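If you're matching positions, the sequence shown starts at 1 in full-length UniProt numbering and goes up one per residue.
For each residue, glycine too, the CB sits at the ideal point set by N, CA and C.
Quick caveat: nothing in here was measured; it's all calculated off a predicted structure.
Data block below; observations after.
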Amino acid sequence: MESTFIVYWILHAFSSVLNFIVFSTLFILHGRKGKIVPPVKNRLLLKSATKLAEEIREGKVKSEEVVEAYIDRILEVEPYINGTAERCFEEALKEAKQVDSFVASGNYSKEQLAETKPLLGIPFTIKCVFRVKGLPCTSGSKLFQNEIAPEDAASVASLKKAGAIAISTSNAPEFAANLEASNKLYGRTCNPYDTNRTSGGSSGGESALIGAGASVLGIGNDLIGSIRLPAHFTGIFGHKVTRGLVSNEGSVPPTRLGPSTYPSELAIYKYICTGPMCRYAEDLITSMRILCNNDKVKRTFGKKVDFKKLKICYLTECQSYLSLSVDKEIIAGLKKALSHFERNYNIKAKEVQIPSMLDAFRCVMNRLLLSVGDLTDTITCGKGLNFNIKIDFLRSLFGKSTLTFNSLLILNCAYLPLWNRKDLKPYFDSIVEQWMAEFDKLLDEDTVLLMPTFPTTAPYNNAILPMLPGSVYTSVFNITGLPATQCPLGFDKGGLPYGIQIVGRKNNDALTIACAVELEKAFGGWKSPGTT
């Protein structure tokens, strides 16, 4: 045990020094703080999707006005953040006019529309890994730039059926293989609160657009935190669902563009979760009622929660090899949330530790890599056979590859024997079993776990790669399949937003979201850039 902790502190020190060097170098290069997008002025942009849909149904506002407002906001902030991928503004405006005519016809009552089309007339954005009929589904790669989606992904189809209007797809790293959205096809997406900082990834285009007030609701997906990390960096809400609650069908990668879905023999399918991202917590409830494919769980969203019966355990730090220490301001924010529940509901939170987290990063990497089959072939939907991942990485050093350097670097790192070894599988299987047992003991139907989403606020652009081990705070819940809601809590002294995760028992998504709604009421939730 003593030798284990010696190794832990040596690796922890190495990680801290490496990140300090990277941070210092980029701080010198960037100098002062980057630009902040202009504050939101149009009041339509400061209402939740749920509220806007209600006003559209009641004839108080027209869908065309809302869609135009979001198009204008996208055009205003895009020079700062570069968050969109493939736009469909013209078609969106056409659909909005049809919605207004539909409402004006009076053929359906407000109650009927609320029941059958709860997001009628609301614009939404979609991560570019999802199919949107008629648009290129690129996954941020030039390999897919001419692949036009013949149909909508399941989640996109569900929102459209509920009356929502697709307005644009959003940027992501190539093949969604990074924690920041940058690629050779669309360029780099930046953080709306500081353009020298990353908006995260892989759902970084979504987080930037939503955080900038240029989208009210978006669809992302999450493998090692790809919804929650970017939501944390941009001060918005993001929900990683219980495994299997929302369909993943229709993404590239891993789902092919044709009618076939992700190969069932590849176990990584179960670790990927499609879910909502938004600025207002009540929109998590509305969207999960639409996206959830489990009728029993669906009925729990929005039910009143008696917080006096709530039990809370919390974790301030994961002692994990290579991961950074959590910023003091994030820990202070977490304790602020705990104080709110204690002060208002007399909840005495219990601090916990998870000893099996020490080797969590290698465990997650091993679990994912051994479940993906041929990595290159899988993430490129078979197109990877046309190049050699190692040779293309070398070519990218000289700007000779059509693929993105950072994604190629991560794909090559994936093959490192530190984690990509079949003989280690029994060892890591035992760790996962410990996680399952520990969380099963901690979490019952009335209990949530509060913990950091990531150790720091948004890093500088290009700085996140050595910080990848910090993803253990989120990725452990992809492996265990538990629900986790990222909830914004405040801003650090540099004006960058941060949040915490609210984790629950399997299929208890409604409780984690209810806690996020409560914390939004207490601390204000999302705040427009330029106003903090």
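Check                                                                                                                                : Outcome
One or two residues paired with Met451 in a DSSP bridge                                                                              : Gln501
Local conformation of residue 541 per DSSP, three classes                                                                            : Any question about residue 541 goes unanswered here, given that the chain covers just 1 to 532.
Cys313 beta carbon less than 7 angstroms from that of Leu519                                                                         : no
Residues near Ala92 in its chain [Cβ-Cβ closer than 7 angstroms; skip 5 each side]                                                   : Val67, Pro123, Ile165, Ala166 and Ile167
Among Val517, Asn412, Gly220 and Val364, nearest to Ser251 - alpha-carbon criterion                                                  : Gly220
Beta-bridge partners of His232, as assigned by DSSP                                                                                  : Its beta-bridge partners do not exist; DSSP assigns none.
Buried/exposed call for Tyr427, threshold 16 Cβ in 10 Å                                                                              : exposed
Assigned exposure category for Gln353 - 16 Cβ within 10 Å defines buried                                                             : exposed
Which of helix, strand or coil DSSP assigns to Cys318                                                                                : coil
Range of the contiguous beta strand (DSSP E) that encloses Asp440                                                                    : Element bounds for Asp440: not the beta strand (DSSP E) but the alpha helix (DSSP H), Lys425 to Leu442.
Beta bridge counterpart(s) of Met277 as assigned by DSSP                                                                             : Gly218 and Gly238
Boundaries (first-last residue) of the beta strand (DSSP E) holding Leu368                                                           : Here Leu368 belongs to no beta strand (DSSP E); instead the alpha helix (DSSP H) covers Ala360 to Leu369.
Among Thr447, Thr300, Leu418 and Phe237, nearest to Thr453 - alpha-carbon criterion                                                  : Phe237
Inter-residue Cα distance where the pair is Pro497 and Ile330                                                                        : 10 angstroms
Touch test, the stretch 453 to 463 against the stretch 481 to 498, Cβ-Cβ under 8 angstroms, three pairs minimum                      : yes
N-terminal and C-terminal residue of the beta strand (DSSP E) that Lys308 is part of                                                 : Lys308 -> no beta strand (DSSP E), and no H or E assigned at all.
Close Cβ partners of Pro259 (< 6 angstroms) along its chain, the five nearest in sequence each way excluded                          : In this predicted model, Pro259 has a pLDDT of only 37, less than 50, meaning its place in the structure is not dependable; the value taken from the coordinates is given anyway. None.
Under the three-state DSSP convention, the category Ser264 falls into                                                                : For Ser264, the pLDDT reaches just 42, beneath the cut-off of 50, and the residue's location in the model is therefore unreliable, although a value from the coordinates is still provided. Here Ser264 sits in coil by DSSP.
Beta-carbon contacts of Ala153 that lie in its chain and below 7 angstroms, excluding the five residues immediately before and after : Phe130, Arg131, Glu249, Gly250 and Ser251
Nonlocal neighbours in the same chain, by C-beta distance under 6 angstroms from Asn82, ignoring five residues either side           : Gly187 and Thr189
Bridge partners - residue 535, DSSP secondary structure assignment                                                                   : Given that the chain is displayed from residue 1 to residue 532, the structure contains no residue 535 and the question cannot be resolved.
N- and C-terminal bounds of the alpha helix (DSSP H) containing Gln112                                                               : Lys110 to Thr116
Buried or exposed by the 16-neighbour rule on C-beta atoms within 10 Å, applied to Ile272                                            : buried
Inter-stretch contact (C-beta, 8 angstroms, three-pair minimum) for the stretch 191 to 203 and the stretch 423 to 438                : no
Burial state of Phe175 (16 or more Cβ within 10 Å)                                                                                   : buried
CA-to-CA distance, Phe393 to Asp100, given in whole angstroms                                                                        : 51 angstroms
Reference Thr84, options Ser182, Thr485, Asn344 and Gly205, closest by Cα                                                            : Gly205
Cα-Cα separation between Leu324 and Lys296, rounded to whole angstroms                                                               : 40 angstroms
Test item: CB-CB of Lys184 and Thr404 under 7 angstroms                                                                              : yes
Anticipated Cβ contact below 8 angstroms, Ser155 with Ser226, distance rounded                                                       : The Cβ separation is near 14 angstroms, so there is no contact.
Proximity below 7 angstroms, CB of Met288 to CB of Phe307                                                                            : no
Span of the alpha helix (DSSP H), counted from its first residue to its last, around Gly373                                          : Premise fails: Gly373 is in no alpha helix (DSSP H) and is neither H nor E.
With 16 other Cβ atoms within 10 Å as the buried cut-off, status of Ala104                                                           : exposed
Inter-residue spacing [alpha-carbon to alpha-carbon] between Ser339 and Phe523                                                       : 12 angstroms
N-terminal and C-terminal residue of the alpha helix (DSSP H) that Phe477 is part of                                                 : Val472 to Thr480
Cβ-Cβ distance between Leu179 and Ile464 below 7 angstroms                                                                           : yes
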